[in-house]
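*Asks:* In the numbering used here, the protein residues as written are 5 to 503.
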């Protein structure tokens with residue numbers, strides 16, 4: 005049950021009254037904070053090197069602000085990622101690591117010293133909102149009807165009152181706002197060939213021409229199958245549509261005279277939804293764009309240090325002059341005394357009915373991945389992903405023995421190595437596993453120890469109980485779905501076999 009502690013709020017307000025922020029000390033109005041968070045999208049923007057499409061609006065944000073080249077999420081799937089983002093905590097530390105858990109009878113509550121940051125902003129006098137960032141008649145009607153709030157998808161009990169509305173237009177005169185603009189991003193293309201075609205037709209209407217499948221470059225482990233090419237072309241069109249929406253939001257800020265007093269943060273919640281992308285800890289699943297523009301942010305700067313997406317919480321609180329809770333794991337990467345992280349971490353756990361546990365640690369040189377279920381294949385049965393045309397095409401090609409060797413090796417091997425090690429800066433797609441190479445044994449041992457230490461120090465909640473098979477495991481996808489039920493039975497068989 006969500007609890008708002010009055011004594012805790014009073015202490016926070018007291019702390020706020022004594023905080024020494026340059027803006028607050030000088031009596032300067034506090035900046036607005038605006039996050040733009042996009043679903044299912046990698047860094048396929050022109051300012052990140054994408055050449056098939058142009059993304060002028062995100063590019064402009066990057067020119068006028070700071071662009072991070074090595075930003076990564078701590079979870080490559082929506083709900084654990086967003087649970088971490090909104091608290092500034094690793095999802096594994098707060099028990100929010102199983103995708104869309106706590107939706108049934110078993111509830112998840114946050115630790116007493118962890119609060120969603122909209123709550124902290126409200127306590128500091130900010131107006132909090134979450135929506136699409138646009139004002140149009142249809143959206144306004146929905147907002148007036150109490151609908152139209154943006155995506156939350158948190159894996160814990162929370163009070164909807166942490167959001168005042170869906171848009172900053174409802175705030176009091178002079179009141180600063182904390183706004184989250186939530187965009188569908190890569191989800192716009194859907195999961196079927198028909199939905200991808202519909203998206204391409206929309207792009208042709210809005211931009212004059214859709215991305216051509218022939219112009220697409222796929223990761224080397226994906227075959228140039230027509231289904232995959234059309235899907236990736238439609239995906240790139242979702243990037244263009246996302247960029248267009250970003251431009252509309254920024255132009256609205258400009259027209260309302262708010263842009264120069266607003267910290268704008270653009271980021272996606274994980275990489276592209278594809279076989280080896282979303283849900284997995286390779287770059288395709290965890291590397292995201294991160295662009296920040298606003299008061300006090302260096303313009304035209306490109307930063308190459310490793311950053312985690314949970315840092316948005318600390319960056320935003322600091323910009324508003326709100327104390328960063330001591331227990332928060334996020335860091336303000338713009339602080340005068342900030343020291344770049346030597347390593348960053350990520351975790352994949354159960355997604356829907358599919359039991360999994362993977363952990364990773366990344367340094368400037370290496371990406372180390374540990375598979376806790378190495379006897380299971382990478383593409384375990386999963387109703388969500390198996391319902392997509394691209395996965396169906398890959399499985400069809402695999403069954404017909406028509407996949408190239410690299411695709412078979414990385415996507416359809418019956419088992420996985422317990423440990424993976426990649427020189428990720430030069431091995432862009434993480435193809436060459438160095439874990440068994442004697443030349444990298446010392447690096448392997450060091451990263452193995454570093455991950456073990458992180459698991460202990462951050463109180464990683466680890467594997468779930470076997471009782472989850474009969475409790476909340478498939479609540480949100482729905483018991484009675486034949487494919488889900490079959491997959492659950494497969495998970496049970498593997499568990500009995502020690503796999």
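The C-beta atom is built at its ideal place from N, Cα and C for all residues, glycine as well.
#1: Leaving out five residues before and five after residue 132 in sequence, what residues of the same chain have Cβ atoms less than 6 angstroms from its Cβ?
#2: For residue 358, which residues in the same chain have their Cβ closer than 6 angstroms to its Cβ, ignoring the five residues on either side in sequence?
#3: Compute the beta-carbon to beta-carbon distance between residue 454 and residue 311, rounded to the nearest angstrom, for a pair I have assumed lies under 8 angstroms.
#4: Report the three-state DSSP secondary structure of residue 294 (helix, strand or coil).
#5: Taking DSSP as the reference, what is the three-state secondary structure of residue 105?
#6: May I ask you to list the residues that DSSP assigns as paired with residue 358?
#7: Counting along the chain, where does the beta strand (DSSP E) carrying residue 111 start and finish?
#8: Exposed or buried, what is residue 408 when buried is set at 16 or more other beta-carbons lying within 10 Å of its beta-carbon?
#9: When DSSP labels each residue in this structure, what does residue 375 get in the three-state scheme?
#10: For residue 396, which of 292, 419, 197 and 201 has the nearest alpha-carbon?
#11: Specify, as a first and last residue, the run of the beta strand (DSSP E) that residue 184 falls within.
#12: Measuring CB to CB, does residue 195 end up less than 7 angstroms from residue 392?
#13: Beta strand (DSSP E) containing residue 425: first to last residue?
#14: Whose C-beta lies closer than 6 angstroms to the C-beta of residue 246 among residues of the same chain, with five residues either side of it excluded?
#15: Between residue 99 and residue 111, what straight-line distance do the alpha-carbon atoms span, to the nearest angstrom?
#16: By alpha-carbon positions, which one of 376, 309 and 244 ends up nearest to residue 343?
#17: Per DSSP, residue 271 is paired with what?
#18: Looking at the strands, I want to know which residues DSSP matches up with residue 306.
#19: Which of the three DSSP states, helix, strand or coil, is assigned to residue 131?
#20: What is the DSSP secondary structure of residue 250, reduced to helix, strand or coil?
#21: Could you name the residues of the same chain whose beta carbon sits closer than 6 angstroms to that of residue 487, not counting the 5 residues immediately before and after it, in chain order?
#22: Would the stretch 76–84 count as touching the stretch 268–278 if we require 3 or more Cβ pairs under 8 angstroms?
#23: Using the DSSP secondary-structure output, state which residues sit across from residue 348 in a beta bridge.
#24: Could you check how far apart the C-beta atoms of residue 137 and residue 256 are, in whole angstroms? I think they sit under 8 angstroms.
#25: So who's on the other strand from residue 312, going by DSSP bridges?
#26: Find out if the Cβ-Cβ distance for the pair residue 242, residue 193 is shorter than 7 angstroms.
#27: What three-state label does DSSP hand residue 493 in the structure shown?
#28: Counting pairs of beta carbons, one from the stretch 279–299 and one from the stretch 309–329, are three or more of them closer than 8 angstroms?
#29: Suppose contacts are defined by Cβ-Cβ distances below 7 angstroms. Is residue 105 in contact with residue 159 by that definition?
#30: Rounded to whole angstroms, what is the Cα-Cα separation between residue 498 and residue 381?
#31: Determine the direct distance from the alpha carbon of residue 333 to that of residue 94, and round the result to whole angstroms.
#32: Within a Cβ cutoff of 6 angstroms, which residues of the same chain sit near residue 226, ignoring the five residues on either side of it in sequence?
#33: Please identify the residue among 349, 347, 398 and 327 whose C-alpha is closest to the C-alpha of residue 339.
#34: Exposed or buried, what is residue 413 when buried is set at 16 or more other beta-carbons lying within 10 Å of its beta-carbon?
#35: Rounded C-beta distance between residue 214 and residue 207? I'm assuming under 8 angstroms.
#36: Bridge partners for residue 96 per DSSP, in chain order?
*Replies:* A quick look at the data gives this:
#1: In its chain, beyond the 5 residues on either side, 122, 125, 126, 167, 168 and 182 have a beta carbon closer than 6 angstroms to the beta carbon of residue 132.
#2: Closer than 6 angstroms at Cβ, skipping near neighbours: 384 and 386.
#3: Between residue 454 and residue 311 the beta-carbon gap is near 18 angstroms, outside 8 angstroms, which marks them as no contact.
#4: Three-state DSSP puts residue 294 in a strand.
#5: Residue 105: coil per DSSP, three-state reduction.
#6: Residue 358 pairs with 355.
#7: Here residue 111 belongs to no beta strand (DSSP E), and DSSP marks it neither H nor E.
#8: With fewer than 16 neighbouring CB atoms inside 10 Å of its own CB, residue 408 falls in the exposed class.
#9: Residue 375 carries a strand assignment under DSSP once its states are collapsed to helix, strand and coil.
#10: Checked all of 292, 419, 197 and 201; the closest Cα to residue 396 is 197.
#11: Residue 184 -> beta strand (DSSP E) spans 181–187.
#12: Note that the C-beta distance between residue 195 and residue 392 is below 7 angstroms.
#13: Here the beta strand (DSSP E) through residue 425 covers 423–426.
#14: Sequence-distant partners of residue 246 (beyond 5 residues in either direction) whose C-beta falls short of 6 angstroms from its own C-beta, in its chain, are 42, 187 and 189.
#15: For residue 99 and residue 111, the distance between alpha carbons rounds to 11 angstroms.
#16: Nearest option by C-alpha distance: 309.
#17: According to DSSP, which records beta bridges pairwise, residue 271 is partnered with 41 and 294.
#18: 71, per the DSSP bridge assignment.
#19: Of the three classes helix, strand and coil, the one that applies to residue 131 here is strand, per DSSP.
#20: Three-state result, residue 250: helix.
#21: The residues are 387.
#22: Proximity of the stretch 76–84 to the stretch 268–278 meets the contact definition, three or more beta-carbon pairs being nearer than 8 angstroms.
#23: Beta-bridge pairing links residue 348 to 366.
#24: Approximately 7 angstroms separates the beta-carbon atoms of residue 137 and residue 256; this is inside 8 angstroms, confirming the contact.
#25: DSSP output for residue 312 lists 76 as bridge partner(s).
#26: Residue 193 sits close to residue 242, with the two beta carbons spaced by under 7 angstroms.
#27: In the three-state reduction of the DSSP assignment, residue 493 falls in the helix class.
#28: Taking one beta carbon from each stretch, the stretch 279–299 and the stretch 309–329 have 3 or more pairs nearer than 8 angstroms; the two touch.
#29: Closer than 7 angstroms, so yes.
#30: Cα-Cα distance, rounded: 11 angstroms.
#31: Roughly 7 angstroms between the two C-alpha positions.
#32: Hits under 6 angstroms: 232.
#33: Closest in alpha carbon position to residue 339, among 349, 347, 398 and 327, is 327.
#34: Burial call: exposed.
#35: Indeed, because the Cβ distance is near 4 angstroms, the residues count as touching under 8 angstroms.
#36: Looking at the DSSP output, residue 96 sits in no beta bridge, so it has no partner there.
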